[in-house]
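Protein sequences, first through last, are from chains A and B. Okay, so the first sequence: first residue is 2 according to the numbering used here, each after it adds one. Okay, so the second sequence: first residue is 5 according to the numbering used here, each after it adds one. Scroll down for the structure; my scribbles are underneath it.
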Amino acid sequence: MTQNVIERFKPLFEPKTVAVVGASTKGGTLPNVFIRRIREFGYSGAIYPIHPSAESIDGLKAYRSLGDTPEPVDYAYIAIAAAQVPPLLAEARGRVRFAQVISSGFGEVDEGRELQQALAAAARAGGMRLIGPNCLGIYTPRGRVTFTETAPEESGPVGIISQSGGLGTDIIRRGLTRGLKFSGLITVGNCADISANDLLEFYLADAQTRVVGLYIETAGDGRRLFEILRSARAAKPVVILKGGRTRQGRAAAVSHTGSLAGDDRAWVALSKQTGCVMADTLDGFIDALLAFQALAPQPRRPTRRVVLFGNGGGASVLATDQFARLGLDVESFDKQTVDELAGLKLPPGTSITNPVDAPVGTLQQEDGRVAEKILAAIYGSGRPDALVMHLNLSAFAGRAKTEVLDNLVQAALRVQARYPGQAHFVLVLRSDGEPALEERKRAFRARAAALGIPVYDEIANAGAALAALAFHERFVHSRV
Amino acid sequence: MALVDPISEARAAKRTALDELAGKRLLANFGISVPKSVIVQDADAAAAACGNLKPPLVLKVVSPDILHKSDAGGVKVGLENAADVGEAVRAMMGRPAIENARIDGFLLEEMAPAGVELVVGGLRDPQFGPLVMVGLGGVFVEMLADVAFRICPITRLDAEEMLDELKGAALLRGARGRTAVSREAIVDALLKVGGERGLLMTHAEDIAEADINPLIVSEQGAVAVDARFVLTR
Chain A
2 MTQNVIERFK PLFEPKTVAV VGASTKGGTL PNVFIRRIRE FGYSGAIYPI
52 HPSAESIDGL KAYRSLGDTP EPVDYAYIAI AAAQVPPLLA EARGRVRFAQ
102 VISSGFGEVD EGRELQQALA AAARAGGMRL IGPNCLGIYT PRGRVTFTET
152 APEESGPVGI ISQSGGLGTD IIRRGLTRGL KFSGLITVGN CADISANDLL
202 EFYLADAQTR VVGLYIETAG DGRRLFEILR SARAAKPVVI LKGGRTRQGR
252 AAAVSHTGSL AGDDRAWVAL SKQTGCVMAD TLDGFIDALL AFQALAPQPR
302 RPTRRVVLFG NGGGASVLAT DQFARLGLDV ESFDKQTVDE LAGLKLPPGT
352 SITNPVDAPV GTLQQEDGRV AEKILAAIYG SGRPDALVMH LNLSAFAGRA
402 KTEVLDNLVQ AALRVQARYP GQAHFVLVLR SDGEPALEER KRAFRARAAA
452 LGIPVYDEIA NAGAALAALA FHERFVHSRV
Chain B
5 MALVDPISEA RAAKRTALDE LAGKRLLANF GISVPKSVIV QDADAAAAAC
55 GNLKPPLVLK VVSPDILHKS DAGGVKVGLE NAADVGEAVR AMMGRPAIEN
105 ARIDGFLLEE MAPAGVELVV GGLRDPQFGP LVMVGLGGVF VEMLADVAFR
155 ICPITRLDAE EMLDELKGAA LLRGARGRTA VSREAIVDAL LKVGGERGLL
205 MTHAEDIAEA DINPLIVSEQ GAVAVDARFV LTR
């Protein structure tokens, strides 16, 4: 079964031949752009433009129909007028594995319902599996195919299924900035044939994928989703961003994708019974995926005790409250840890209990290397499940050398290495929107992300991501 | 209780819902405790049936035309003897809302021991199929909205977590000097309704909505005191 699903989807994730329908000899159409993008992304297999009359398109020999290409087509990208798609598919003569129909005007609008049925029937008649319609494309770094202008070169552990094409683009672009690395992203649109459930099964079996993210507006077969997730027993974390969970959201979802959305209570139940994490916002979705990408879940000791360490007294007090609401404890240290921290004779104004408020004056001691002593004391006797290091860059501006920030992070990594598997380490880089500072933050975030550290914009985001991780850990702890 | 499937009977009779008696027979088929009862047609038969039941007793009208029995004056509780019962049937038959309705009979049953009133419900979700619900409050369930839902089938652990999720979970543990009620009995009832071979999974195609309200839970166990099943169209 596992081997089956991998084999079945391999031509989609690693196509050896790609057909493109809708490209023009004059260029400028979406399919022309797609041809350029996959070439730039390093796609090295055959590309077959399909065109009723042209000899060549973008320097590639064109063919009359999907059934006329020299080799069978692993993946066909189709963006032509909706009514023309069913006859095109019907001519494929069993020579196309996967056809993705980008075109809209199908089941998402009332007048397109019949056409969508004709489309699905034509795909069956042509002997192929259909993705879409009404979607944007696929991004598969292992296969060097992408529908987006900017795509991370490197593949990674995060597998995405998105019912919205635009949101899929957002996930890739924001993910790139945040250091997310993908095993693939498939926009599935109206799911006339292949559903989010089918691709979920693939990602759960796929060795490259360690965490799965789904953006869905309609569950389609919710019962099958439940059964897939239940039998997976949370072996891989699954994060679901569900559109249309409220009554108002549902009204919008109906006009958007074309069928009724489920009721919120069923989604809450799904999460509790299968351990999947429900995200409420795109940021929360990406924040949680980032945590699962970077941090190895510790189901034997689910995350509860969190140490906050950084500059910003008020911010850490507010964060302590928010963490408590999320079921995370920012507990005071016991006497031993307090005594050890007191022994470091840190400058006045430094708190030596949790949350550890250390002003810039403290953090820049020994150019930041002071953090190693502080964290060694905390890890040694405080035994945190997670450490959140938060740095307010505004307070560093004009006061500390650039390398102080790097030294702080390096100090934390050295202590992490001494206590393997003890605490999840996350970094929060706070800023105030001032352009020079934002630029500095961006560069620093990229360096930290390259080290595999999950970086968040605010302590609250880090808290929500840790709560998602803790939820998964508790589920596995109680069920598996 | 006969093991004839009350749902098939209702379908054959073109009914869209199960009446209380049929609902309780369905529950009993799945091993859920229901009060000992008899169905009688008139005051004399009711008085005669008293000997086999342990008072106090409750009398309820059974009619496809009456949705809310209490509102129609179709429920009388605390009946201690044959004279009480005979009188209650005569009085009920004279009520305007009952006089003009089709009457299938009168249900005379033992009253459940006092306890905490819960609701156990079921619902067919268009995408996820049968869901099971537990809530606190009996008749006040909608006002309190203290409920937990799960997708069927549930496991024992799911059932336990549903109870822990209720804001008023402390009531079940015997808050403020009251004795704790049988948690085991509630979990058991939830599994019989929403478990792998439970009522909702077995009849997933037929049951649109289900209400066991109240399920009265005491130290000794859980008894389904009233039940309603709405069938799918």
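We treat Cβ as the ideally placed atom computed from N, Cα and C, and that holds for glycine. What you are looking at is a predicted structure, and each value in this text was computed from that prediction instead of being measured.
Distance between residue j and residue i (C-alpha atoms, nearest Å)
i              : j              : result
residue 206(B) : residue 97(A)  : 42 Å
residue 398(A) : residue 366(A) : 16 Å
residue 405(A) : residue 370(A) : 8 Å
residue 402(A) : residue 223(A) : 54 Å
residue 165(B) : residue 198(B) : 14 Å
residue 343(A) : residue 407(A) : 25 Å
residue 167(B) : residue 173(B) : 6 Å
residue 238(A) : residue 231(B) : 40 Å
residue 160(A) : residue 185(A) : 5 Å
residue 16(A)  : residue 58(A)  : 20 Å
residue 219(B) : residue 146(B) : 15 Å
residue 385(A) : residue 181(B) : 39 Å
residue 131(A) : residue 228(B) : 50 Å
residue 262(A) : residue 220(A) : Because residue 262(A) sits at a pLDDT of 30, beneath the cut-off of 50, its placement in the model cannot be relied upon, and the following sentence gives the value as read from the coordinates. Answer to the nearest angstrom: the Cα atoms are 7 Å apart.
residue 378(A) : residue 352(A) : 14 Å
residue 47(B)  : residue 13(B)  : 27 Å
residue 157(B) : residue 150(B) : 21 Å
residue 316(A) : residue 372(A) : 19 Å
residue 375(A) : residue 181(A) : 30 Å
residue 24(B)  : residue 66(B)  : 7 Å
residue 42(B)  : residue 53(B)  : 7 Å
residue 58(B)  : residue 114(B) : 6 Å
Neighbouring residues, chain A, relative to residue i (Cβ below 7 Å)
i              : result
residue 155(B) : 227, 267, 270, 271, 274
residue 165(B) : 273
Candidates the options: closest to residue i by CA position
i              : options                        : result
residue 96(B)  : 76(B), 214(B), 85(B), 195(B)   : 76(B)
residue 293(A) : 466(A), 37(A), 43(A)           : 466(A)
residue 176(A) : 157(A), 194(A), 192(A), 191(A) : 157(A)
residue 28(B)  : 52(B), 80(B), 61(B), 111(B)    : 111(B)
residue 299(A) : 442(A), 194(A), 150(A), 235(A) : 235(A)
residue 133(B) : 226(A), 31(A), 317(A)          : 226(A)
residue 196(A) : 351(A), 324(A), 136(A), 22(A)  : 136(A)
residue 482(A) : 121(A), 297(A), 217(A)         : One cannot answer for residue 482(A) here, as it falls past the ends of chain A, which runs 2 to 481.
residue 128(A) : 194(A), 28(A), 116(A)          : 194(A)
residue 311(A) : 395(A), 232(A), 304(A)         : 395(A)
residue 152(B) : 265(A), 39(A), 417(A)          : 265(A)
residue 204(B) : 188(B), 155(B), 237(B)         : 155(B)
Buried versus exposed call for residue i [16 or more other C-beta atoms within 10 Å across all chains shown]
i              : result
residue 63(B)  : buried
residue 87(A)  : buried
residue 144(A) : buried
residue 409(A) : buried
residue 322(A) : exposed
residue 150(A) : exposed
residue 256(A) : At residue 256(A), the pLDDT of 28 sits below 50, so the modelled position is not reliable and the matter cannot be decided from this model.
residue 171(B) : exposed
residue 470(A) : buried
residue 161(B) : exposed
residue 233(B) : buried
residue 191(A) : buried
residue 23(A)  : buried
residue 146(A) : buried
residue 39(B)  : buried
Short CB-CB distance (under 8 Å) between residue i and chain C
i              : result
residue 475(A) : Among the protein chains of the structure shown, namely A and B, there is no chain C.
Partners in chain B for residue i, counting only beta-carbon separations shorter than 9 Å
i              : result
residue 223(A) : 129, 130, 131, 132, 133, 155
residue 84(A)  : Correct list: empty, because the minimum Cβ distance to chain B is about 30 Å.
Within chain B, the residues that residue i reaches when beta carbons sit closer than 8 Å
i              : result
residue 196(A) : Here the premise fails: no neighbours, minimum Cβ distance about 12 Å.
residue 343(A) : Neighbours of residue 343(A) on chain B: none; closest Cβ ~41 Å, over 8 Å.
residue 220(A) : 131, 132
Contacts that residue i makes with chain A (C-beta to C-beta distance below 8 Å)
i             : result
residue 63(B) : What residue 63(B) touches in chain A: nothing, since even the nearest Cβ is about 36 Å away.
Within chain A, partners of residue i - CB distance below 9 Å
i              : result
residue 161(B) : 479, 480
With contact counted as at least three CB pairs below 8 Å, one residue from each stretch, are the region 323 to 333 of chain A and the region 14 to 34 of chain B in contact? Counting Cβ pairs under 8 Å, fewer than three are found: no touch.
Per the contact definition of three or more C-beta pairs closer than 8 Å, is the region 206 to 217 of chain B in contact with the region 116 to 126 of chain B? The region 116 to 126 of chain B is in contact with the region 206 to 217 of chain B.
With contact counted as at least three CB pairs below 8 Å, one residue from each stretch, are the region 278 to 289 of chain A and the region 431 to 451 of chain A in contact? No, they do not touch.
Taking 8 Å as the cut-off, does the region 167 to 174 of chain A touch the region 198 to 207 of chain A (at least 3 CB pairs, one atom from each stretch)? Segments in contact, no.
For the region 350 to 364 of chain A against the region 304 to 319 of chain A, do three or more pairs of beta-carbon atoms, one drawn from each stretch, fall closer than 8 Å, so that the two count as touching? As far as the Cβ criterion goes, the region 350 to 364 of chain A touches the region 304 to 319 of chain A, which means the pair count is three or higher.
Taking one C-beta from the region 94 to 112 of chain A and one from the region 71 to 81 of chain A each time, how about it: are there three or more such pairs within less than 8 Å? The region 94 to 112 of chain A vs the region 71 to 81 of chain A: in contact.
Validate contact between the region 44 to 51 of chain A and the region 7 to 21 of chain A using beta carbons, cut 8 Å, 3 pairs: With a cut-off of 8 Å, the region 7 to 21 of chain A and the region 44 to 51 of chain A count as touching, because enough Cβ pairs lie within range.
Inter-stretch contact at 8 Å, needing at least 3 Cβ pairs: the region 185 to 199 of chain B / the region 68 to 84 of chain B: Using a C-beta cut-off of 8 Å, the region 185 to 199 of chain B makes no contact with the region 68 to 84 of chain B, since fewer than three inter-stretch Cβ pairs fall below that distance.
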